[in-house]
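Numbering (UniProt numbering), first residue to last: 1 to 449.
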């Protein structure tokens, strides 16, 4: 069973202007999907730019456990020899997905329509997260789930021997749920249909089509309708993973709030289902220019030039939540450095991430001297202007990588240092965070202030 190493306290201090080039890692969402679809293809898939954070490495191990041959050739360069749709073997041991909600939910979907059984677990954070949102639709295919009370890990999934196609309306905006259903639909006969009332990140649809699945997307009054024809033979691909906008958010936001900063973040995905944060920052007055727009690996990308900016609080439209759901923690940190009030509504999904991110950010900002308000679906931050956040506190991360990085970025622009109780989870998604930020001139060190 997954555990957690000794905590690594980390402290960020006010920095000189940040400068230089921030080459952030590959996109985590696309990295997970490239490994899984490579394993479900017949033949050899080559992946370049794969994120080598622990979350993705755990997915690579899982694909090996299901019978695929997964090989690392050099940093970011991987190869997957797949077993084909319906070809997963029954794993000999428990599948440990560490900290990754994306990994465990997508893998559950990928195996749920094969006549095999697998048991899943994860670290203390993942074992608290609800799996019913995925296992409920998987049950419609004929899969059965046996877990702890509340639909939590450890959990055993018994795959459907004779799966049925499904028509399913996703009850909450969740790319993980949508993707799990689509992956399960690959090995079901006929057409599986997923209906989204609110669009979420569309990497699964793009990549399924790229690997040769028959898939259509249409807009209708009831929402976005995705139709997948089951039992295809997926073709292996060469996948170039673009740089992760969720990781890019941290150096981008650091440059916006540290006076005098001017950095370049090259090759960042500009997928419209993922770029809500950049739209929000521009509305707050951010100086961000999008240079050299192009397409890489089927995804739109651009180089981001980012300069320190005097920011103003805004009300973020609730309908934008799905396109920036992972970026609300760092947005809350930026909002603390803006003038005026930033209102974030429609964000209740944050309460079931790696931590309750509304609560984690609210409590951390409060101990740093920032006034906040919250309810079940809302976070409101009363900004203190550039250089106005007192800091001088230790913030609890709750084993959440994005909470840790958000408060470390805030510490670079606060009057006194900010410490996080545990920076170890950062390795799950952004293993080069410390080195990359140091290269820009940030003062982030291990240990308490």
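Just so you know, even glycine gets a beta-carbon here, dropped at the ideal spot from N, CA and C.
Legend entry - Helix, strand or coil at residue 377 according to DSSP, with G and I counted as helix: coil
Legend entry - Beta-bridge partners of residue 342, as assigned by DSSP: 381
Inset, instruction - At 4 residues or longer, and completely inside the stretch 168-222: list those alpha helix (DSSP H) runs for me, N to C. - result: 175-185, 203-210
Inset, instruction - State the Cα-Cα distance for the pair residue 172 and residue 247, rounded to the nearest angstrom. - result: In a straight line, the C-alpha of residue 172 is about 24 Å away from that of residue 247.
Inset, instruction - Spatial neighbours of residue 374 within its chain, please: CB distance less than 8 Å, with the 5 preceding and 5 following residues excluded, ordered by chain position. - result: 358, 359, 362, 380
Legend entry - Selected residue, minimal CA-CA separation from residue 41, among 311, 395, 239, 364: 239
Inset, instruction - Measure the alpha-carbon distance for residue 81 versus residue 60 and round it to whole angstroms. - result: 12 Å
Legend entry - Cα-Cα separation, residue 9 to residue 420: If you draw a straight line from the Cα of residue 9 to the Cα of residue 420, it comes to about 6 Å.
Inset, instruction - In the DSSP assignment, find the unbroken beta strand (DSSP E) run with residue 290 in it and report its ends. - result: 287-296
Legend entry - Beta carbon of residue 391 nearer than 8 Å to that of residue 416: yes
Inset, instruction - Find out if the Cβ-Cβ distance for the pair residue 163, residue 188 is shorter than 8 Å. - result: Against a cut-off of 8 Å, the Cβ pair of residue 188 and residue 163 comes out as a contact.
Inset, instruction - Assign residue 315 to buried or exposed, taking buried as 16 or more other Cβ atoms, counted over all protein chains shown, within 10 Å of its Cβ. - result: exposed
Legend entry - Residue span of the alpha helix (DSSP H) that contains residue 358, given as start and end: 357-367
Inset, instruction - Could you check the C-alpha separation between residue 458 and residue 225 for me, to the nearest Å? - result: A query on residue 458 cannot be resolved here, the shown segment of the chain reaching from 1 to 449 and no further.
Inset, instruction - With a cut-off of 8 Å on the beta carbons, I'd call residue 133 and residue 177 a contact; round off their distance for me. - result: So it is a contact: roughly 5 Å between Cβ atoms.
Legend entry - Assigned exposure category for residue 242 - 16 Cβ within 10 Å defines buried: Buried is the call here.
Inset, instruction - State the CB to CB distance for the pair residue 413 and residue 257, rounded to an integer number of angstroms; the pair is presumed to be in contact (CB under 8 Å). - result: 4 Å
Inset, instruction - With DSSP collapsed to three states, give me the class of residue 392. - result: Under the three-state reduction of DSSP output, residue 392 falls in the strand class.
Inset, instruction - In angstroms with no decimal places, state the Cα-to-Cα distance between residue 223 and residue 320. - result: 16 Å
Inset, instruction - Grab the span of the beta strand (DSSP E) containing residue 47 for me, first residue to last. - result: Run containing residue 47: 42-48, per the beta strand (DSSP E) assignment.
Inset, instruction - Measure the alpha-carbon distance for residue 2 versus residue 119 and round it to whole angstroms. - result: Its pLDDT being 43, under 50, residue 2 is placed unreliably by the model, and the measurement read from it follows with that caveat. Roughly 13 Å between the two C-alpha positions.
Inset, instruction - Kindly identify the DSSP beta-bridge partner or partners of residue 234. - result: 41
Inset, instruction - Could you tell me the distance, in whole angstroms, from the CA atom of residue 101 to the CA atom of residue 354? - result: 8 Å
Legend entry - Residues bridged to residue 420 [DSSP beta-bridge criterion]: Its beta-bridge partners are 10, 395.
Inset, instruction - Put residue 251 into one of helix, strand or coil per three-state DSSP. - result: When DSSP states are grouped into helix, strand and coil, residue 251 belongs to the helix group.
Inset, instruction - Verify whether the separation of the beta carbon atoms of residue 269 and residue 301 is less than 8 Å. - result: yes
Inset, instruction - Give the straight-line distance between the Cα atoms of residue 340 and residue 369, rounded to the nearest whole angstrom. - result: 15 Å
Inset, instruction - Take every Cβ of the stretch 181-200, pair it with every Cβ of the stretch 145-155, and state whether three or more of those distances are shorter than 8 Å. - result: no
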